[in-house]
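Here the sequence shown is numbered in the working numbering, starting from 1189 and rising by one per residue.
Glycine is no exception: its CB is placed at the ideal position from the N, C-alpha and C atoms.
The next block holds one structure in the form of structure tokens; read it before the comments.
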Amino acid sequence: MRWSRSFIPTVKEDPQEAEALSHKLMVRAGLIRRLTAGAYTYLPLGFKALKKAESIIREEMNAAGAVELLMPALQPIELWKKTGRYDVIGDVMIKFKDRHGREIALGPTHEEVITALVSGEIKSYKDLPLILYQIQTKFRDELRPRFGVIRSCEFIMKDAYSFDIDAKNMEKSYKRIYEAYCRIFERCGIPYVAAQADPGLMGGAVSHEFMTPSDIGEDRIVLCSSCGYAASTEIAAIKNDKGKEEIAEKYGDMREVLTLGKSTALDVSTFLEVDLTNVLKTLIYLADSKPIAVLIRGDHEANEAKIKNRLKVGTLILAGEERVVEETGGAMGFSGPVGLDLPIYADHSVKDMINAVVGANVRDKHLINANHGKNYNVNEWIDARVITSQDACPECGGDIKLVTAIEIGHTFKLGTKYSDPMNVHVLDENGKERQVIMGCYGIGVNRILASLIETSHDENGIIWPVGLAPYEVVIIPVNKNDDHVTREAEKLYLSFKDEGLDVVIDDRSQKSPGVKFKDADLIGFPVQVIVGKKALDQEKVEIKDRRTGCSTLVDKNNVIDKVRDLLNVN
Ligand SMILES: [Zn+2]
1189 MRWSRSFIPT VKEDPQEAEA LSHKLMVRAG LIRRLTAGAY TYLPLGFKAL KKAESIIREE
1249 MNAAGAVELL MPALQPIELW KKTGRYDVIG DVMIKFKDRH GREIALGPTH EEVITALVSG
1309 EIKSYKDLPL ILYQIQTKFR DELRPRFGVI RSCEFIMKDA YSFDIDAKNM EKSYKRIYEA
1369 YCRIFERCGI PYVAAQADPG LMGGAVSHEF MTPSDIGEDR IVLCSSCGYA ASTEIAAIKN
1429 DKGKEEIAEK YGDMREVLTL GKSTALDVST FLEVDLTNVL KTLIYLADSK PIAVLIRGDH
1489 EANEAKIKNR LKVGTLILAG EERVVEETGG AMGFSGPVGL DLPIYADHSV KDMINAVVGA
1549 NVRDKHLINA NHGKNYNVNE WIDARVITSQ DACPECGGDI KLVTAIEIGH TFKLGTKYSD
1609 PMNVHVLDEN GKERQVIMGC YGIGVNRILA SLIETSHDEN GIIWPVGLAP YEVVIIPVNK
1669 NDDHVTREAE KLYLSFKDEG LDVVIDDRSQ KSPGVKFKDA DLIGFPVQVI VGKKALDQEK
1729 VEIKDRRTGC STLVDKNNVI DKVRDLLNVN
């Protein structure tokens, strides 16, 4: 490609709206442009990198025995009602009525569509296993689109679905795709962790999130360096959190204190000069619309995924102010378990709280010296909190660390969550009808580029691995008015093309060498071939490795071999 004919609008300054480094670099390097909140145009260079990511995914999915197809983005709402997900997905789904009044969704995911498709087509165990996938645009009405293409409303996803006769065979399909994912992320040069995760909206029992540790990650994962345990904080269980014996003689007399406007645990702790660990948070939730109270130690964070799973409810929503007043008789921020007429679930760590401060269920008032078993009762002790770095590894008891990460892929064992309501069964060897067992597997294609950039850059710009780079090599003729330089650069360009190298020549006549060097570093082509008058006089050209920044002068007849060597190691 000739730079002058392409469309590579690089920018010197960071875009104002960008928070994430990958977002800044993608705009500055001329890879993307924002159209509106959460929607981006891929410019030619960004599009090329995106296509390379897609082809790596395609190759590995095909090698794992998956078959590609393409489903529509338009989905009839009836399918979502059939699986019951219509009531759960909420405003994330973009939907509208067509001219005939039919309700249509812009697909946020395709479990319903693929299951409906397959249910009409497969009949026998001989049709299984079957793994189908597509690379297609998805739509989600994100509350807060951010970080450029990392959280956008329109994005490209590779979604795959497996169908098997039983759980044992589904495990095999799951493992094949899991391993394909590892190869995909390795080939893309992205550091990742496969963390155990909560299946959430997708349902099913087990899932794995493929996560890239990053400061801008919106998910948190727990890592144990002793045993290799990796899990989302949503599911990481708290080990040995059974609580100590109650020490009755230490109980003080409970009494009411004034806490004017102090509605958070931290405010109360500061105001009353008590440790945050001795302030009890009482959270009023609606669990499948029924009010419950959950007690959490002041310094801990409630883990809604764990509470939801423990209570086996479909929805768990924090009650709004009006409902809190209705259920507690008090005010938001002043709820407490004493005299509360709701089912009370308490985190195990609350057992250790002696003479705690709790809300009085009266505005601007708290109770001190509140003790469970004496002043209030707990219906059930549960694991209700988010793990902290002070907790032990749930597997081996070793030290853990918590890191934030970007989710780049997710694999789910769905079981019969979809095949049941959509009636997908086949006849087994004995002619007996069997429900098909499913799995589903997603990769955020756009996030592959952003995660790579988040983890592979320097102060000058992006550092692409060869597999994803928009071009593998850039040729930069330095002295633009020198015929010899132009001629040799052109010659090299043509010979690179003949050799099948993915090459761009920076033939912009109006740009200075300084600008060309800066742009080459900013975009991050793995290899730069610099053709200058001085070196040419000695029959040499300069080759620069973007990753190391090292330059070498090479005999102009050996350039291709040298470039190939560099491409092989990058
Ligand atoms: Zn461990």
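Among the options, whose alpha-carbon lies nearest the alpha-carbon of residue i?
i, options, result
"residue 1568", "1592, 1498, 1399 and 1562", "1498"
"residue 1739", "1371, 1693 and 1716", "1716"
"residue 1478", "1466, 1530 and 1526", "1530"
"residue 1642", "1310, 1236 and 1336", "1336"
"residue 1342", "1708, 1222, 1205 and 1474", "1222"
"residue 1210", "1294, 1325, 1260 and 1594", "1594"
"residue 1285", "1721, 1712, 1551 and 1265", "1265"
"residue 1746", "1559, 1680 and 1721", "1680"
"residue 1602", "1220, 1242, 1289 and 1350", "1350"
"residue 1597", "1234, 1370 and 1504", "1370"
"residue 1504", "1510, 1378, 1492 and 1657", "1492"
"residue 1495", "1305, 1573, 1308 and 1444", "1573"
"residue 1233", "1718, 1735, 1742 and 1713", "1713"
"residue 1410", "1293, 1303 and 1575", "1575"
"residue 1230", "1240, 1241, 1224 and 1218", "1218"
"residue 1225", "1205, 1376 and 1707", "1205"
"residue 1656", "1373, 1460, 1444 and 1301", "1373"
"residue 1272", "1651, 1353 and 1609", "1609"
"residue 1476", "1501, 1490 and 1459", "1501"
"residue 1344", "1293, 1318 and 1258", "1258"
So residue i packs on residue j, CB below 8 Å; how close in whole Å?
i, j, result
"residue 1426", "residue 1571", "5 Å"
"residue 1472", "residue 1507", "4 Å"
"residue 1145", "residue 1189", "Since the displayed the chain opens at 1189 and closes at 1758, residue 1145 lies outside it and no answer follows."
"residue 1421", "residue 1615", "That pair is no contact at about 44 Å."
"residue 1743", "residue 1728", "6 Å"
"residue 1548", "residue 1524", "6 Å"
"residue 1383", "residue 1252", "Not a contact, Cβ separation roughly 21 Å."
"residue 1554", "residue 1445", "6 Å"
Quick check: what's the CA-CA separation for residue i versus residue j?
i, j, result
"residue 1562", "residue 1543", "10 Å"
"residue 1423", "residue 1387", "10 Å"
"residue 1405", "residue 1667", "44 Å"
"residue 1276", "residue 1347", "20 Å"
"residue 1634", "residue 1238", "7 Å"
"residue 1329", "residue 1629", "21 Å"
"residue 1255", "residue 1323", "11 Å"
"residue 1295", "residue 1366", "24 Å"
"residue 1551", "residue 1339", "39 Å"
"residue 1612", "residue 1627", "13 Å"
"residue 1533", "residue 1320", "43 Å"
"residue 1539", "residue 1467", "13 Å"
"residue 1450", "residue 1462", "13 Å"
"residue 1299", "residue 1606", "7 Å"
"residue 1637", "residue 1619", "48 Å"
"residue 1664", "residue 1332", "41 Å"
"residue 1416", "residue 1581", "10 Å"
"residue 1267", "residue 1283", "13 Å"
"residue 1481", "residue 1470", "6 Å"
"residue 1245", "residue 1419", "24 Å"
"residue 1669", "residue 1725", "16 Å"
"residue 1438", "residue 1557", "10 Å"
"residue 1203", "residue 1402", "21 Å"
"residue 1541", "residue 1509", "27 Å"
"residue 1248", "residue 1364", "10 Å"
Does ligand 1 have even one heavy atom less than 6 Å from the beta-carbon of residue i?
i, result
"residue 1414", "yes"
"residue 1584", "yes"
"residue 1628", "no"
"residue 1533", "no"
"residue 1185", "Here the chain has residues from 1189 to 1758 only, and residue 1185 is not among them."
"residue 1230", "no"
"residue 1417", "yes"
Within the present structure, is the beta-carbon of residue i separated from the nearest heavy atom of ligand 3 by less than 6 Å?
i, result
"residue 1370", "Absence of ligand 3 from the depicted structure is noted, with ligand 1 being the only ligands included."
inquiry  = Going residue by residue through the stretch 1573–1661, where are the continuous beta strand (DSSP E) segments of at least 3 residues, counting only ones entirely within it?
reply    = 1588–1603, 1613–1615, 1621–1623 and 1625–1632
key: Every unbroken alpha helix (DSSP H) within the stretch 1678–1740, with a cutoff of 4 residues, ordered by chain   = 1701–1711 and 1721–1725
inquiry  = Give the list of continuous alpha helix (DSSP H) stretches no shorter than 4 residues that lie fully inside the stretch 1418–1488.
reply    = 1453–1460
task = Taking only runs that begin and end inside the stretch 1291–1361, name each unbroken beta strand (DSSP E) of 3 or more residues, in chain order.
result = 1291–1294, 1318–1327 and 1342–1352
request  = Please go through the stretch 1254–1292 and give each complete beta strand (DSSP E) segment of 3 or more residues, from N-terminal end onward.
outcome  = 1262–1264 and 1282–1285
request  = Go through the stretch 1499–1555 residue by residue and report every complete run of the alpha helix (DSSP H) that reaches 4 residues or more, in order.
outcome  = 1509–1516
request  = Go through the stretch 1381–1413 residue by residue and report every complete run of the beta strand (DSSP E) that reaches 3 residues or more, in order.
outcome  = 1381–1385, 1395–1401 and 1407–1412
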